[in-house]
Amino acid sequence: SKGTNNAWTRIWHGNFGAEFHLGHGAQASNTFRVFMQGNSFTFTVNGKVVKTAQDKSFQSGMVGMIVNLNGTEVAFKDLLLTHN
Numbered sequence: 454s455k456g457t458n459n460a461w462t463r464i465w466h467g468n469f470g471a472e473f474h475l476g477h478g479a480q481a482s483n484t485f486r487v488f489m490q491g492n493s494f495t496f497t498v499n500g501k502v503v504k505t506a507q508d509k510s511f512q513s514g515m516v517g518m519i520v521n522l523n524g525t526e527v528a529f530k531d532l533l534l535t536h537n
């Protein structure tokens with residue numbers, strides 16, 4: 454999603470698939486990556502491409518992620534943001 458003045462626009466919304474590791478502990482860890490080149494976005498989970506999208510309105514901005522599942526806890530370990 455992208456936001457301007459607290460208004461957000463969804464770029465991608467996805468459902469859980471077999472590529473997600475569910476549960477608790479180390480076996481439930483997931484690697485989520487977003488690759489951006491120009492106006493193209495590629496979203497991967499555990500090495501599998503789960504979605505591609507395009508949005509020409511981005512020139513700069515901030516990064517954010519939301520999980521909207523009742524009772525779901527999300528924790529980040531080794532969060533890495535890079536720029537090429």
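So the sequence shown is residues 454 to 537, counted in this note's numbering. Note that the Cβ used here is the ideal one computed from N, Cα and C, for glycine as well.
Identified DSSP bridge partners for residue i
i, result
"Phe-496", "Val-487, Lys-504"
Local conformation of residue i per DSSP, three classes
i, result
"Ala-528", "coil"
"Ala-481", "helix"
Own chain partners of residue i with C-beta closer than 7 Å, once the 5 adjacent residues on each side are dropped
i, result
"Asn-483", "Phe-473, His-474, Val-498, Asn-499"
Sequence-distant residues of the same chain with beta carbon closer than 8 Å to residue i, five excluded per side
i, result
"Val-503", "Gly-467, Gly-470, Glu-472, Phe-496, Thr-497"
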